[in-house]
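In our numbering, the protein residues as written are 800 to 1070. Every residue, glycine too, gets a C-beta built ideally from N, C-alpha and C. On a predicted model such as this, the values are computed, not experimentally measured, just so you know. The next block holds one structure in the form of C-alpha cells; read it before the comments.
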C-alpha cells in the first residue's frame, strides 16, 4: 500500500514541483501516471522509495512513513527503474548487474543464479549475460535495469518511461509481464507518455499537470476525454480519435482489442 498525503515538494533552488498531492494505491493496483514534461511525475515517484523526502505532507509505504526509514530499507519494498538506465547501471557484465542487489542482500549463491537466469530469460536478455551492459542498445539497457530491480522481487514496482526504446514485441512482453505481476498482488506504477501502451494495458490513470492531480480514473474514461488530455499535453490514442469521429460508435474505445469487439458486434448484429 502506498499513501501520499498532501505532499508538497520544493527543490533547493526554490522550484515547487508538487502542490498538495493526495494519492492512495492498494496492493495489486496497476497505475499509469501521465502528464506533460515538468508535471512532477518523476518527482512524485521518487518520494515512494525515499530518494526524495516531502517538503510538506507525508508518504507511507505499507504504513511506514518514508521520513522514518532509510532508502536502503525502502528499496526492499519499492523497486524503482529509472527513466535513463545509464543512471542505474555500473557493473561490467549484465549477469553481475542483475545479481548485484541479491549479493548485497545476502542471498545464497544457488538462489542468485536461479533468479538471475530466470529474469534474464523472461526479459529476453540471456544471450547478453556475459556482455557489458554499456555495449547494448538503449532498449536493451532499459531491460537490464528492469531485470536488476525485478530480480529481488519487491512488493511495489515503479517503472519510469519503461517503453522508451522498445519495439512493439517488447512492449507486448512488458504488458504481459505486468499482468503476471498483478496476479501476484504487486503494485505496479508506470510513469509514461506512451498513450498507446496505456490504452492496451488499461490501468488506472492518474493525470498530473503543473504538480497537481487533475484526473484519476479508468484509462478508457480519461484517455477518451479530449479536455483532460489537452490539459495534460497528451495525444489521445489513435483508436479513440477514430471512433470519436464516426457517428454512432462509442467514444470510450481506446484500443484495438475493444475496437475489434465493437466492430464484430456491429457486424453480427446486422445478420
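Worksheet item: Where does the unbroken alpha helix (DSSP H) through residue 894 begin, and where does it stop?
Response: 893–903
Worksheet item: Can the beta-carbon of residue 986 be found closer than 8 angstroms to that of residue 801?
Response: yes
Discussion item. Could you tell me the alpha carbon to alpha carbon distance between residue 997 and residue 947, rounded to whole angstroms?
Written reply: 24 angstroms
Worksheet entry | Collapsed DSSP secondary structure at residue 1011 in the structure displayed | strand
Fill in: Alpha-carbon spacing of residue 1055 relative to residue 1061, whole angstroms
10 angstroms
Discussion item. Can you list, in chain order, the residues of its chain with a C-beta nearer than 6 angstroms to that of residue 1043? Leave out the 5 residues immediately preceding and following it.
Written reply: 1050
Worksheet item: Could you give the distance in angstroms between the alpha-carbon of residue 1027 and the alpha-carbon of residue 1001?
Response: 17 angstroms
Practice prompt. Over the uninterrupted alpha helix (DSSP H) stretch that includes residue 831, give me the two end residues.
Written response: Not the alpha helix (DSSP H): residue 831 falls in the beta strand (DSSP E), residues 829–834.
Worksheet item: Looking at residue 980 and the ligand SAH, is the gap between the Cβ and the nearest heavy atom below 7 angstroms?
Response: Ligands in the displayed structure: none, and consequently the ligand SAH is not present.
Worksheet item: Can you name, in chain order, every residue of its own chain whose Cβ lies under 8 angstroms from the Cβ of residue 904, other than the five neighbours on each side?
Response: 875, 951
Worksheet entry | Three-pair Cβ contact test at 8 angstroms for the region 884–900 versus the region 927–943 | yes
Worksheet item: Given residue 1070, which residues of its chain have a CB within under 7 angstroms of its CB, disregarding the five upstream and five downstream residues?
Response: The predicted model places residue 1070 with a pLDDT of 46, which falls under 50 and marks its position as unreliable, so this point remains unresolved.
Worksheet item: Looking at residue 828 and residue 942, is the spacing between their C-beta atoms short of 8 angstroms?
Response: no
Worksheet item: Apart from the five residues on each side of it in sequence, which residues of its chain come closer than 7 angstroms, Cβ to Cβ, to residue 834?
Response: 840, 1006, 1007, 1008, 1031
Worksheet item: What runs of the alpha helix (DSSP H), each 4 residues or longer, lie entirely inside the region 940–995?
Response: 967–982
Worksheet item: Counting pairs of Cβ atoms below 8 angstroms between the region 860–870 and the region 803–813, do you hit three or more?
Response: no
Practice prompt. My understanding is that residue 989 touches residue 1033, with C-beta atoms under 8 angstroms, so please give their C-beta distance in whole angstroms.
Written response: About 14 angstroms; that fails the 8 angstroms criterion.
Fill in: DSSP state of residue 801 mapped onto helix, strand, coil
strand
Fill in: Three-state class that DSSP yields for residue 886 in the structure shown
helix
Worksheet entry | Nearest-angstrom Cα separation, counted from residue 881 out to residue 898 | 18 angstroms
Discussion item. Rounding to the nearest angstrom, what Cα-Cα distance links residue 1038 and residue 818 in this structure?
Written reply: 33 angstroms
Practice prompt. Could you pull out every residue in the same chain whose Cβ sits closer than 6 angstroms to the Cβ of residue 964, ignoring the five residues on either side in sequence?
Written response: 937, 938, 941
Fill in: From 842, 816, 803, 815, residue whose alpha carbon lies closest to that of residue 825
803
Worksheet item: Taking buried to mean at least 16 other C-beta atoms within 10 Å of its own C-beta, is residue 823 buried or exposed?
Response: exposed
Worksheet item: In terms of residues, what are the limits of the alpha helix (DSSP H) holding residue 911?
Response: 908–921
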